[in-house]
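K.L.:
Take this structure first; my questions come after.
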Amino acid sequence: MKKFLCLLGALALSLNSCSSDDSSSDGESSTNALPTKITLTTVENGKSGSLDYTFSYDGNKLKQISLSDASKYVYTYTGDVITKVEYFRSSVLISTDVYAYENNKLVSKITTQAFSSTYQDKLTFVYNSNGTVNVNQSQIIDRQEVKYDTTTLYTFANGNIVSAEYHDGLKEKTTNTFDNKKSPFVNITGLKLLLDLAQVDSDDYQFDFHSANNALTSVTVNYDADGKAVQTSSVEYKTKYNSNNFVSEVFSGDANDSFKIQITY
1 MKKFLCLLGA
11 LALSLNSCSS
21 DDSSSDGESS
31 TNALPTKITL
41 TTVENGKSGS
51 LDYTFSYDGN
61 KLKQISLSDA
71 SKYVYTYTGD
81 VITKVEYFRS
91 SVLISTDVYA
101 YENNKLVSKI
111 TTQAFSSTYQ
121 DKLTFVYNSN
131 GTVNVNQSQI
141 IDRQEVKYDT
151 TTLYTFANGN
161 IVSAEYHDGL
171 KEKTTNTFDN
181 KKSPFVNITG
191 LKLLLDLAQV
201 DSDDYQFDFH
211 SANNALTSVT
221 VNYDADGKAV
231 QTSSVEYKTK
241 YNSNNFVSEV
251 FSGDANDSFK
261 IQITY
């Protein structure tokens with residue numbers, strides 16, 4: 001599975017790290033703040049790298065996220081919901097996500113690759129009576145839908161994704177705890193409805209646009225075919241906030257493997 005950026009919700013990482021809850025006045029913001037830039041700095045096997053995400057808006061609606069690697073995501077709204085996201089690399093269209101809603105809830109996402117339009121990937125969102133959501137995977141091949149057994153079960157509490165249980169023959173479950181401070185994305189129109197967590201990725205990292213707060217810990221357990229736990233990994237975070245209780249920096253890791261996220265509003 002992808003590694004979710006910790007300040008934004010679910011994160012599955014196998015880093016050894018420590019955690020604290022610091023205060024910081026870095027970054028000028030208000031209760032209606034919007035992130036304008038996020039810088040991700042990583043160290044893997046002692047080698048460092050960085051990636052910038054620059055956000056542009058029309059009011060509180062997200063227009064575009066531009067990455068420093070020459071890729072970008074362009075957002076289209078219908079009313080107050082996001083109905084299309086186009087992904088470009090060096091100005092070349094790579095893929096298009098189309099979102100459909102019922103009663104202000106996301107019910108499907110269909111992804112079309114620009115250079116292979118004969119098939120499409122589809123996610124279907126099923127809202128269970130106990131408040132959980134199943135996300136089921138399928139493909140549309142020559143207009144015929146082929147359903148797969150792959151599914152993810154999301155469990156929510158206090159506006160956050162507290163667990164994500166992924167099934168694809170085997171099971172992997174990530175459980176998260178959260179602070180009571182604001183996610184950078186809470187003021188962006190329509191973004192919370194994108195429950196699939198599949199936006200703005202850089203090979204390994206993805207944003208969780210849904211959760212209202214920021215993860216403090218994540219524990220991921222992998223299970224074998226008999227349902228026995230075979231591997232457990234956990235991560236904790238050092239987090240700083242600005243004077244308006246928005247997260248401004250998150251760090252996790254050590255000298256050989258780590259990441260740091262810095263947010264400007």
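For the sequence shown, this note's numbering gives the first residue as 1, with consecutive numbering after it.
Idealized CB from N, CA, C, for every residue including glycine.
Quick check on DSSP: helix, strand or coil for K192?
P.N.:
Correct three-state label for K192: helix.
K.L.:
Within the chosen definition, does the stretch 234-241 reach the stretch 206-220 through at least 3 CB pairs nearer than 8 Å?
P.N.:
At 8 Å Cβ cutoff, the stretches touch.
K.L.:
Assuming contact is defined by CB atoms lying nearer than 9 Å, are V98 and K84 in contact in what I supplied?
P.N.:
Cβ atoms of V98 and K84: closer than 9 Å.
K.L.:
Who are the Cβ neighbours of G59 in its own chain at under 8 Å, not counting the five residues just before and after it?
P.N.:
These residues qualify, in order along the chain: T189.
K.L.:
Looking at the unbroken beta strand (DSSP E) that takes in R89, where does it start and where does it end?
P.N.:
Taken as a continuous stretch (DSSP letters only), the beta strand (DSSP E) holding R89 covers 81-89.
K.L.:
Under a CB-based cut-off of 9 Å, is G253 close to chain B?
P.N.:
In summary, chain B is missing from the structure at hand, where a single protein chain is found.
K.L.:
Suppose the cutoff is 6 Å on Cβ atoms and the five residues either side in sequence are ignored; what does the same chain contact list for N222 look like?
P.N.:
Cβ neighbours of N222 beyond the five flanking positions: E172, V230, Q231.
K.L.:
In this structure, does DSSP put S211 in helix, strand or coil?
P.N.:
Here S211 sits in coil by DSSP.
K.L.:
Tell me the residue span of the beta strand (DSSP E) that contains Y241.
P.N.:
Looking at the DSSP string, the run of the beta strand (DSSP E) that includes Y241 is 238-241.
K.L.:
Between the C-alpha atoms of F251 and P35, what's the straight-line distance to the nearest angstrom?
P.N.:
Taking the straight line joining both Cα atoms gives about 18 Å.
K.L.:
Please state whether DSSP places S129 in a helix, a strand or coil.
P.N.:
Coil, per DSSP.
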